[in-house]
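Visitor: Mind having a look at this structure? Questions to follow.
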């Protein structure tokens, strides 16, 4: 039996489809090699910047 190659060992594809917030956090985690907790902290801080300096809100 051949082993199926799994490039999604952390379930990132599944989480990306949940909502916009999780998709952005997962991309930050992947692109910058961050833990999900650190990526979420970056997301929250950037959300604050957007709310302070623009009329858009980064929420899901």
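In my numbering, the protein residues as written are 3 to 62. Glycine residues also receive a C-beta, built at the ideal position from the N, C-alpha and C atoms. Note that the structure is predicted; figures quoted are calculated from it, not measured.
Go to residue 30, then tell me how far its alpha helix (DSSP H) extends in each direction, as first and last residue.
Guide: Taking the chain shown and counting its residues from 1, the one referred to as residue 30 is at position 28. Here the alpha helix (DSSP H) through residue 30 covers 22 to 33.
Visitor: Assuming contact is defined by CB atoms lying nearer than 8 Å, are residue 30 and residue 52 in contact in what I supplied?
Guide: The count along the chain shown starts at 1 and reaches residue 30 at position 28. The count along the chain shown starts at 1 and reaches residue 52 at position 50. Cβ distance not < 8 Å, so residue 30 and residue 52 don't count as in contact.
Visitor: Report all residues from its chain with a CB closer than 7 Å to the CB of residue 27; omit the five preceding and five following residues, and keep chain order.
Guide: Your numbering for residue 27 matches position 25 in the chain shown. The residues are 38, 41, 42 and 45.
Visitor: With respect to the alpha helix (DSSP H) encompassing residue 53, which residues constitute its N-terminal and C-terminal limits?
Guide: Mapped onto the chain shown, residue 53 falls at position 51. Where residue 53 is concerned, the enclosing alpha helix (DSSP H) stretches over 38 to 55.
Visitor: Within its chain, find whatever has a CB closer than 8 Å to the CB of residue 36; leave out the 5 residues flanking it on each side and keep chain order.
Guide: Taking the first residue of the chain shown as position 1, residue 36 is located at position 34. Only 30 and 44 meet the Cβ criterion.
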